[in-house]
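In what follows, a single structure is set out as structure tokens and then discussed.
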Amino acid sequence: MSATKVGYAQIFSSHEAGVAHNVHIPESQKAAWESIKNSHVGNYYETSLLRAVLRLAVGDKTVAPQANIGEFNFSYTTSPDRKDIFINVISIKSDVHISAKTPGIYKPEWDGREWTLPDGAGPVKSMDLDHAWSNNAHVATIPGKFDNKEDASSMMGVHIEKAYQKGSNALSEARQQGNYFSLFWLNNEFTSKEHIQSLVSMIQQAQKQSKNMKWLIHGEGCGTFVQALRFIKANPVASDIITAQKGMANQDVFFSNPRGRHTSKKDLEAICKSVGMVFIDININKNDVLYNADARKDALKPVKSAAGKLLFTGGGASTFLASEYGPESVQRLWSMITSSPELTVGTAVAVAGGVVVVAGHAANISSMARNLKGAMSSTFGSGNQNWAS
2 MSATKVGYAQ IFSSHEAGVA HNVHIPESQK AAWESIKNSH VGNYYETSLL RAVLRLAVGD
62 KTVAPQANIG EFNFSYTTSP DRKDIFINVI SIKSDVHISA KTPGIYKPEW DGREWTLPDG
122 AGPVKSMDLD HAWSNNAHVA TIPGKFDNKE DASSMMGVHI EKAYQKGSNA LSEARQQGNY
182 FSLFWLNNEF TSKEHIQSLV SMIQQAQKQS KNMKWLIHGE GCGTFVQALR FIKANPVASD
242 IITAQKGMAN QDVFFSNPRG RHTSKKDLEA ICKSVGMVFI DININKNDVL YNADARKDAL
302 KPVKSAAGKL LFTGGGASTF LASEYGPESV QRLWSMITSS PELTVGTAVA VAGGVVVVAG
362 HAANISSMAR NLKGAMSSTF GSGNQNWAS
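Numbers given in the working numbering equal positions in the sequence shown, counted from 1, plus 1.
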């Protein structure tokens with residue numbers, strides 16, 4: 002039997018297939034809720050909000066009791082027996098201050114010279130899936146770590162061109178005045194559950210409508226994308242919205258300079274295949290050895306066959322052993338190399354997985370010393386933001 006509260010109306014019932022809890026909303030918001038239920042497709046904020054409520058309805062206990070979902074403030078309480086859920090607040094935030102840090106979907110445009118985010122442009126409510134300019138597909142990107150969405154917009158346009166716009170004709174067709182792509186700016190919050198769920202909504206909106214999509218996933222954004230696909234894989238049937246449907250094969254994915262857990266080429270190919278997406282390719286920054294599993298693996302290959310002791314030789318540097326880990330150790334190594342005359346280009350240097358090894362007699366990998374600057378830039382600077390050539 003459903004519990005009741007004065008001023009509340011029920012929108013989901015435990016008698017419905019797949020629903021475990023009765024869900025109630027304020028009576029005054031019933032009409033708005035019916036509208037959301039009927040018209041959420043295409044609006045990722047409304048879809049995310051409805052998804053959160055449905056997750057509560059089917060018994061998912063991980064939904065935060067208070068959350069901001071796009072333009073909505075959302076909170077709920079449960080009855081003592083936990084059979085009834087009461088949505089307490091669903092209000093539209095009309096005073097949102099848009100800054101360089103505000104997460105959301107943005108529309109960087111080609112302005113005749115470069116891909117740029119127009120001055121003062123705020124987030125939009127949804128991707129315009131009908132805006133297609135790359136082989137009749139809508140183009141969307143998730144950037145990795147950048148200082149702001151403006152920098153990300155400019156750089157991601159370049160990555161899209163390198164990944165998808167092969168040939169001079171394709172490039173000129175893409176660089177049309179007013180052409181734009183969807184940029185999902187995460188404000189460098191790559192493990193946010195809210196962002197992951199919003200991304201799930203975006204993917205499934207395109208899937209539900211069988212729209213052609215070309216995704217460009219970059220840097221740390223690859224880890225976020227993987228989490229979204231893992232959620233989709235683990236929740237094939239929970240409600241009409243969450244149900245896996247045909248159309249995923251219309252979505253192509255290209256990964257560039259990936260970082261994060263489960264972002265090796267093997268892992269990325271496997272997760273795309275498991276949900277039905279098309280894995281196009283991966284562009285790996287070979288210098289990003291601390292954060293990219295494939296780059297680290299390639300860096301280790303010559304080290305495994307290197308001769309000599311795995312430590313620095315000579316002077317005060319001899320105390321720096323291969324067992325030292327972490328970015329701080331790499332910074333210390335760089336300082337030693339630039340200040341120690343006994344360490345020359347003939348000394349083989351490799352940075353692999355946070356482990357720094359120096360093999361004094363391994364001339365065959367001495368070229369890695371010359372590449373250390375690139376590894377430092379990728380690890381501590383902005384090198385990973387660029388397309389890895």
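Just so you know, even glycine gets a beta-carbon here, dropped at the ideal spot from N, CA and C.
On a predicted model such as this, the values are computed, not experimentally measured, just so you know.
Query                                                                                                                                                                         : Result
Note down the Cα distance separating residue 109 from residue 66, rounded to an integer number of angstroms.                                                                  : 34 angstroms
Report the residue ranges of all beta strand (DSSP E) runs contained in full by the region 149-202; include only those spanning at least 3 residues, in chain order.          : 183-186
Touch check for the region 138-146 and the region 215-222: three-plus C-beta pairs under 8 angstroms?                                                                         : yes
Could you work out which residue in 260, 251, 185, 200 is closest to residue 221 when comparing CA atoms only?                                                                : 260
Does the region 80-91 come within contact of the region 20-36, defined as at least 3 CB pairs closer than 8 angstroms?                                                        : yes
Within a Cβ cutoff of 7 angstroms, which residues of the same chain sit near residue 162, ignoring the five residues on either side of it in sequence?                        : 172, 175
In this structure, does DSSP put residue 31 in helix, strand or coil?                                                                                                         : helix
Could you check if residue 1 is buried or exposed, using at least 16 other CB atoms within 10 Å of its CB as the buried criterion?                                            : Since the displayed the chain opens at 2 and closes at 390, residue 1 lies outside it and no answer follows.
Could you tell me the distance, in whole angstroms, from the CA atom of residue 78 to the CA atom of residue 229?                                                             : 27 angstroms
Helix, strand or coil: which one does DSSP assign to residue 217?                                                                                                             : strand
Classify residue 280 as helix, strand or coil using the three-state DSSP reduction.                                                                                           : strand
Using a Cβ-Cβ cutoff of less than 7 angstroms, which residues in the same chain neighbour residue 299 once the five nearest sequence positions on both sides are dropped?     : 287
Taking the C-alpha atoms as reference points, what is the distance between residue 386 and residue 152?                                                                       : 10 angstroms
Within a Cβ cutoff of 8 angstroms, which residues of the same chain sit near residue 187, ignoring the five residues on either side of it in sequence?                        : 104, 143, 144, 193, 196, 222, 225
Does the distance from the CB of residue 233 to the CB of residue 256 come in under 7 angstroms?                                                                              : no
State the CB to CB distance for the pair residue 183 and residue 84, rounded to an integer number of angstroms; the pair is presumed to be in contact (CB under 8 angstroms). : Contact flag wrong, Cβ pair sits at about 40 angstroms.
Less than 7 angstroms between the beta carbons of residue 22 and residue 58, yes or no?                                                                                       : yes
Would DSSP call residue 269 helix, strand or coil?                                                                                                                            : helix
For residue 150, count neighbouring Cβ atoms within 10 angstroms of its own Cβ and tell me buried if that reaches 16, exposed if not.                                         : buried
Hey, could you find the ends of the alpha helix (DSSP H) residue 232 is sitting in?                                                                                           : 222-235
Pick out whichever of 294, 285, 189 has its Cα sitting closest to the Cα of residue 384.                                                                                      : 285
Relative to the C-alpha of residue 54, which candidate in 82, 267, 20 has its C-alpha closest?                                                                                : 20
Excluding sequence positions up to five away, which residues of its chain have a Cβ less than 6 angstroms from the Cβ of residue 17?                                          : none
Does residue 47 pass the burial test, meaning 16 or more other C-beta atoms within 10 Å, or should it be called exposed?                                                      : buried
Determine the burial state of residue 119: buried for a count of at least 16 other Cβ atoms within 10 Å of its Cβ, exposed for fewer.                                         : exposed
Name the two residues that bound the continuous beta strand (DSSP E) containing residue 78.                                                                                   : 73-79
Please return the same chain residues whose Cβ sits closer than 8 angstroms to the Cβ of residue 132, not counting the five positions on each side in sequence.               : 139, 181
Using the beta-carbon count (16 or more within 10 Å), is residue 319 buried or exposed?                                                                                       : Interpretation of residue 319 is limited by its pLDDT of 36, a score under 50 that renders its predicted location unreliable; the figure taken from the coordinates is listed afterwards. With fewer than 16 Cβ atoms within 10 Å of its Cβ, residue 319 is classed as exposed.
Applying the 10 Å Cβ sphere with the 16-neighbour rule, what's the burial state of residue 262?                                                                               : exposed
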